[in-house]
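Enquirer:
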Amino acid sequence: MRNAEQIINDLLVDSFNKITAIEKDALKKGPLNDLTINELHAIEAIGTEAKTMTEIAKKLNVTVGTLTTMINHLVKKEYVQRTSTEEDRRIVKIILTKKGRFAYRLHDRFHHVMIKNMLQAIDESQYEVLIQALSALDRFVKETYDNI
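Under full-length UniProt numbering, the sequence shown has 119 at position 119, and the numbering climbs by one with no breaks.
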């Protein structure tokens with residue numbers, strides 16, 4: 001029998017690849033067929049509150065320059081808009097439009113259903129162990145590869 005490390009690795013890699021394929025397929029066939037997967041993830045990073053380009057770029061782990069190109073496309077596609085703050089007109093924030101909020105909700109629902117399904121497979125008493133394991137993975141990735 002394979003060891004736990006190999007099983008976990010296979011599950012993580014397979015799940016990541018399948019989730020990415022599902023998201024790409026849903027974009028291609030669904031109402032958001034003009035979005036790329038990266039643009040959808042930018043919409044997710046913006047979320048429900050206005051954010052600066054720096055905040056979004058950090059969340060996506062991309063440069064502000066790379067993000068600028070993506071945001072320009074999202075503005076043209078009417079998913080986001082740029083706004084200035086009243087306090088300082090030089091500060092530009094990015095917010096989702098009605099169309100962007102719709103895309104955000106659809107993507108959020110996909111993730112919600114996926115997590116709900118996963119949690120139904122384990123006893124509620126095991127949630128904390130799962131959270132600890134995923135937190136350890138998240139910490140390792142951030143600490144080891146945060147400069148990428």
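Every residue, glycine too, gets a C-beta built ideally from N, C-alpha and C. Quantities reported herein were computed from a predicted structural model and do not represent experimental measurements.
Would you call residue 39 buried or exposed, if buried means 16 or more other Cβ atoms sit within 10 Å of its Cβ?
Expert: Position 39 of the sequence shown, counted from the start, is the residue given in the question as residue 39. So residue 39 counts as buried.
Enquirer: Could you tell me the alpha carbon to alpha carbon distance between residue 66 and residue 53, rounded to whole angstroms?
Expert: The residue labelled residue 66 in the question sits at position 66 within the sequence shown. The residue labelled residue 53 in the question sits at position 53 within the sequence shown. Whole-angstrom Cα-Cα distance: 10 Å.
Enquirer: Between which two residues does the beta strand (DSSP E) containing residue 85 stretch?
Expert: Here residue 85 is taken as the residue at index 85 of the sequence shown, counted from 1. No beta strand (DSSP E) holds residue 85; DSSP gives it neither H nor E.
Enquirer: Let me know the secondary structure DSSP gives residue 77 once reduced to three states.
Expert: As a first step, residue 77 is located in the sequence shown; it is residue number 77 there, counting from the start. In the structure shown, residue 77 sits in coil (DSSP, three-state: anything other than H, G, I, E or B).
Enquirer: Could you round the C-beta distance between residue 150 and residue 97 to whole angstroms and report it? I think they count as a contact, below 8 Å.
Expert: Beyond the ends of the chain as shown, which are 1 and 148, falls residue 150; an answer cannot be given.
Enquirer: Within this structure, are the beta carbons of residue 37 and residue 45 separated by less than 8 Å?
Expert: As a first step, residue 37 is located in the sequence shown; it is residue number 37 there, counting from the start. As a first step, residue 45 is located in the sequence shown; it is residue number 45 there, counting from the start. No; because the gap between Cβ atoms is not below 8 Å, this pair is not in contact.
Enquirer: Tell whether a beta-carbon distance below 8 Å holds between residue 83 and residue 93.
Expert: Here residue 83 refers to the residue found at position 83 of the sequence shown. Here residue 93 refers to the residue found at position 93 of the sequence shown. In this structure, residue 93 lies closer than 8 Å to residue 83 by Cβ.
Enquirer: Would you report the Cα separation of residue 32 and residue 51, rounded to the nearest angstrom?
Expert: As a working mapping, residue 32 is identified with position 32 in the sequence shown. As a working mapping, residue 51 is identified with position 51 in the sequence shown. Distance between the alpha carbons of residue 32 and residue 51 is about 22 Å.
Enquirer: Restricting to Cα atoms, I'd like to know which of 133, 144, 128 is closest to residue 5.
Expert: Here the question's residue 5 lines up with position 5 in the sequence shown. When each option's Cα is compared against that of residue 5, the closest is 133.
Enquirer: Relative to the C-alpha of residue 100, which candidate in 15, 21, 74, 16 has its C-alpha closest?
Expert: Against the sequence shown, residue 100 aligns to sequence position 100. Selected option, being the one with the closest Cα: 74.
Enquirer: From 142, 143, 108, 119, pick the residue whose C-alpha is nearest to that of residue 42; which is it?
Expert: Working through the sequence shown from its first residue, we reach residue 42 at position 42. If we check each option's Cα against that of residue 42, 108 comes out closest.
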